[in-house]
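A.B. asks: The structure under discussion is supplied below as structure tokens; questions concerning it will follow.
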Amino acid sequence: MSELRKISRREFMRRTGQAGGGLVFALTFASACQPGEMAVGPAAKATASVAPNVYVNIRNDGIVEIYCHRSEMGQGIRTSLPQVIADELEADWGKVEVIQAIGHEKYGDQNTDGSTSIRNHFDLLRNAGATARDMMIAAAAAMWAVPADECVAHEHAVHHEDSGKSAGYGELVETANGMPQPESATFKAREDYRYIGKPMDTIDGLAFTTGRAMYGTDTVLPNMLYASIERCPAFGGTVSSFDDAAARAVAGVVDVIRMPEPTSPPLFNIQGGIAVLASNTWSAIEGRNAVEIQWDRGVNAEHESIAYKEDLISSASTPGTTVLARGDADAETHSQHEAVYYTPYLAQAPMEPPAATAIINEDGSCEVWAATQDPQTARATVAETLGIEKEQVTVNVTLLGGGFGRKSKPDFIAEAA
Amino acid sequence: MAIDFELNGESVSLDVDPAMPLLWAIRDIAGLTGTKYGCGKALCGTCTVHINGQPMRSCALPTSVAEGAKVTTIEGLTKDGNHPVQIAWRELNVAQCGYCQPGQIMSAVGLLERIPNPTDADIDEAMSGNICRCGTYTRIRKAIHRAAGDKS
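Protein chains in written order, with my numbering: chain A, 1 to 417; chain B, 418 to 569.
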């Protein structure tokens, strides 16, 4: 890694607005997602804020920041998740800013796989909004010295009917600061929903239609390198030898490295091969095509799908172990239908290939930007791969150009790191 | 060797291998990431840009083709995102994951410049090279009709 170019702290700060200098290394195709850039609404002009819980931060300029802790891959979660929180919070949709959460256990389950984000988290999200709403009510009651149960929250403000007083959420931030964070609250009645179950425009509509939406392929860090990896044609195979002379002669190629050998089981682990690092994607691809590699095709050397299909059909027609027996199917059925169903190997084929960008800072910490469905597992896997603590790894989640489960596996993110 | 062309209304001179596909010159050298990489073989359409007003697949065109030409990407379509096609796309919430949409929009704009009031058949023919893995095709067709002025 010593051949990678260093960048100055000043340049890095200038280009990214973040602290730290060091080594930049990008896997595949790269450019810049600062998490905040996916947010909507005006630029921050707040000087104070209060966070009733990890999903909500209310700023004194009246903007409610909602942290979306699930990954967006076309299912609309960056709209539907804030819809639930904003509804219970009595927030105005126009004053909501959605921020993509980093991978962190404080958010609970972030593995966005299996179509369960709303089904499994509905009450959690409602609670996040409702407790934040009650905190605003408590702050208003304290400010006006009236009982909290005489106050109601509506349209981004708390109102006290008897005195006719009203205070916007932004105005309540100072009083709310230091007050206890409520753990539970009463949910709204279904008929009072303003956003839940109502058709809403996608929060990222402008970004989607102007090319400003940032995916895993779009992170750009100063002086970063682009990498492309040639894989063994047989899954799990390894490199026996390679000649990188021609690859290194390709203009723009900076280095050719042998990736660590794949380990078994392959589930979350890096997959090995020869990586070509270059100053741009095209040079990395041209360099990769120029590497001559002899493979040890490994345990799957002879594996081929037609024979495997026959194995599966034969295995499925072999009598299995009886787990449960009830009645007598042969005696009680009037007619029998027999068929063999088979599905071939299918690639998930997201439009956006798996892509991640990583920087190793001088203090050994690592920050990644990745199109990941599962940022917490990505964080743990990157830490394990680098031999550092999880706390030293920050995983920023970009938009995903499709996921289909492929991007729930963090192999490509660990490879970038 | 430098290749000179007009990119989104501005003159640029990019020092790249003339064989480098225009897509990578736009993304990695000019730094405009709105145009996406999908297949690299001109099969999916997500890399579509306009060259002298014609929708082209930038992933399979050498940058040398752009010499002296006017190249427009999704970023250069409008300054404020208010081209009738972009507006229709938002009104009908066409995008899901959004990754293919810059290419879809560039193809749709090219179609409407050629045929201002396209039929469904015109749309299907012009847009058939743009793949959407989320399957937003029916909304894309509706949005093109809307951008053409048909409010149905």
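The beta-carbon is built from N, C-alpha and C at its ideal position, and this holds for glycine as well.
#1: Excluding the five sequence neighbours on either side, which residues of its own chain have a C-beta within less than 6 Å of the C-beta of PRO35 (chain A), listed in chain order?
#2: Under 8 Å Cβ to Cβ from MET143 (chain A), same chain only, skipping five residues before and after it: list those, please.
#3: The alpha helix (DSSP H) with LYS559 (chain B) in it runs from where to where?
#4: Could you give the residue range of the beta strand (DSSP E) that holds HIS419 (chain A)?
#5: Considering just the uninterrupted stretch of the alpha helix (DSSP H) at LYS309 (chain A), what are its terminal residues?
#6: Where do the N-terminal and C-terminal ends of the beta strand (DSSP E) with GLN110 (chain A) fall, by residue?
#7: Under the three-state reduction of DSSP, which class applies to MET544 (chain B): helix, strand or coil?
#8: Under the DSSP definition of a beta bridge, which residues are partnered with HIS467 (chain B)?
#9: Could you check whether the Cβ of MET544 (chain B) sits closer than 8 Å to any Cβ belonging to chain A?
#10: Three-state secondary structure (DSSP) at GLY515 (chain B)?
#11: Do PRO182 (chain A) and THR131 (chain A) have their C-beta atoms closer together than 8 Å?
#12: Just list the residues that DSSP pairs PRO479 (chain B) with in beta bridges.
#13: Among residues of its own chain, excluding the 5 on either side of ILE118 (chain A), which ones have a beta-carbon nearer than 7 Å to its beta-carbon?
#14: Let me know the secondary structure DSSP gives PHE268 (chain A) once reduced to three states.
#15: My parser needs the beta strand (DSSP E) runs of 3 or more residues fully inside the segment 274-306 of chain A; what are they?
#16: Tell me, please, which residues DSSP counts as bridged to PHE242 (chain A).
#17: Comparing C-alpha positions only, which one of A:CYS68, A:ILE102, A:MET200 and A:GLU304 sits nearest to PRO233 (chain A)?
#18: Spell out whether any CB of chain B is found under 8 Å from the CB atom of ALA290 (chain A).
#19: Output the boundary residues of the alpha helix (DSSP H) element that contains GLY205 (chain A).
#20: Where do the ends of the alpha helix (DSSP H) carrying GLU332 (chain A) lie?
#21: Short check: CB of VAL56 (chain A) to CB of ARG78 (chain A), under 8 Å?
#22: Short of 8 Å in beta carbon distance, which residues of its chain neighbour LYS453 (chain B), apart from the five on each side in sequence? Order them along the chain.
#23: Using DSSP's beta-bridge definition, name the partner residues of ARG258 (chain A).
#24: For ASN545 (chain B) versus PRO472 (chain B), is the C-beta spacing smaller than 8 Å?
#25: Between the segment 385-401 of chain A and the segment 346-356 of chain A, are three or more C-beta pairs nearer than 8 Å?
#26: I'd like to know if the segment 329-345 of chain A and the segment 381-397 of chain A are in contact, where contact means that at least 3 CB-CB pairs between them fall below 8 Å.
#27: In chain order, which continuous runs of the alpha helix (DSSP H) of length 4 or greater are located wholly inside the segment 157-199 of chain A?
#28: For PRO438 (chain B), go through chain A and note every residue whose CB falls closer than 7 Å to its CB, in chain order.
#29: What are the residues that DSSP puts in a beta bridge with ASN425 (chain B)?
#30: Could you check the C-alpha separation between ILE540 (chain B) and LEU89 (chain A) for me, to the nearest Å?
#31: Below 8 Å, how does it come out for the segment 433-441 of chain B and the segment 281-291 of chain A: are there three or more Cβ pairs, yes or no?
#32: Between which residues of its own chain and HIS69 (chain A) is the CB-CB distance below 6 Å, once the five residues before and five after are set aside?
#33: Which one or two residues does DSSP pair with CYS68 (chain A) in a beta bridge?
#34: Report the residue from B:CYS514, B:ARG563, B:ALA538 and B:GLU530 whose alpha carbon sits nearest the alpha carbon of GLU72 (chain A).
#35: Could you spell out the range, first to last residue, of the beta strand (DSSP E) harbouring ARG59 (chain A)?
#36: With a 10 Å radius around its C-beta and 16 neighbouring C-beta atoms as the bar for buried, classify LEU324 (chain A) as buried or exposed.
C.D. replies: On the basis of the coordinates in this document:
#1: Only weak support exists for where PRO35 (chain A) lies, its pLDDT of 37 falling under 50; the coordinates are left without a value.
#2: Hits under 8 Å: ALA167, LEU172 and THR175.
#3: It spans 554-564 - the alpha helix (DSSP H) in which LYS559 (chain B) sits, taken as one unbroken run.
#4: An answer regarding residue 419 (chain A) cannot be provided, because it is not within the stretch 1 to 417 covered by chain A.
#5: Counting along the chain, the alpha helix (DSSP H) containing LYS309 (chain A) begins and ends at 305-316.
#6: Boundaries for GLN110 (chain A): no beta strand (DSSP E) harbours it, and the DSSP string shows neither H nor E there.
#7: In the structure shown, MET544 (chain B) sits in a helix (DSSP, three-state: H, G or I).
#8: B:PRO472 and B:THR489.
#9: Taking Cβ atoms only, chain A never reaches closer than 8 Å to MET544 (chain B), which makes this a no.
#10: In the structure shown, GLY515 (chain B) sits in coil (DSSP, three-state: anything other than H, G, I, E or B).
#11: Yes, they are a contact pair.
#12: As a beta-bridge residue in DSSP terms, PRO479 (chain B) pairs with B:PRO438.
#13: Here ILE118 (chain A) has SER80 as same chain residues with Cβ atoms under 7 Å from its own Cβ, once five neighbours each way along the sequence are excluded.
#14: It is coil, neither helix nor strand.
#15: Listed in chain order, they are 274-278 and 292-296.
#16: Its beta-bridge partners are A:ILE293.
#17: Out of A:CYS68, A:ILE102, A:MET200 and A:GLU304, the CA that lies nearest to the CA of PRO233 (chain A) is found in A:GLU304.
#18: No, its Cβ sits nowhere closer than 8 Å to a Cβ of chain B.
#19: If you look at GLY205 (chain A), you'll find it in the alpha helix (DSSP H) that goes 205-210.
#20: From DSSP, the alpha helix (DSSP H) with GLU332 (chain A) extends over 329-332.
#21: Contact: no.
#22: Result list for LYS453 (chain B): THR463, CYS464, TYR516, CYS517, PRO519 and GLY520, in chain order.
#23: Its beta-bridge partners are A:ILE274.
#24: In the sequence as displayed, the identity of residue 545 (chain B) is Ser instead of Asn. No; because the gap between Cβ atoms is not below 8 Å, this pair is not in contact.
#25: Contact holds: three or more Cβ-Cβ distances are below 8 Å.
#26: With a cut-off of 8 Å, the segment 381-397 of chain A and the segment 329-345 of chain A do not count as touching, because too few Cβ pairs lie within range.
#27: For the segment 157-199 of chain A, whole alpha helix (DSSP H) runs of length 4 or above, ordered along the chain, are 173-176.
#28: Neighbours of PRO438 (chain B) in chain A, taken as residues at a C-beta separation under 7 Å, are given in chain order as TRP282.
#29: ASN425 (chain B) pairs with nothing; no bridge assigned.
#30: Counting only the Cα atoms, LEU89 (chain A) lies some 43 Å from ILE540 (chain B).
#31: Short answer: they touch.
#32: If you ignore the 5 residues before and after HIS69 (chain A), its C-beta comes within less than 6 Å of the C-beta of ALA101, TYR107 and GLN110, all in its own chain and listed in chain order.
#33: Answer is A:GLN100, bridged to CYS68 (chain A).
#34: Checking every option, the nearest Cα to that of GLU72 (chain A) belongs to B:CYS514.
#35: First-last of the beta strand (DSSP E) with ARG59 (chain A): 56-59.
#36: With a 10 Å radius around the Cβ and a threshold of 16 neighbouring Cβ atoms, LEU324 (chain A) comes out exposed.
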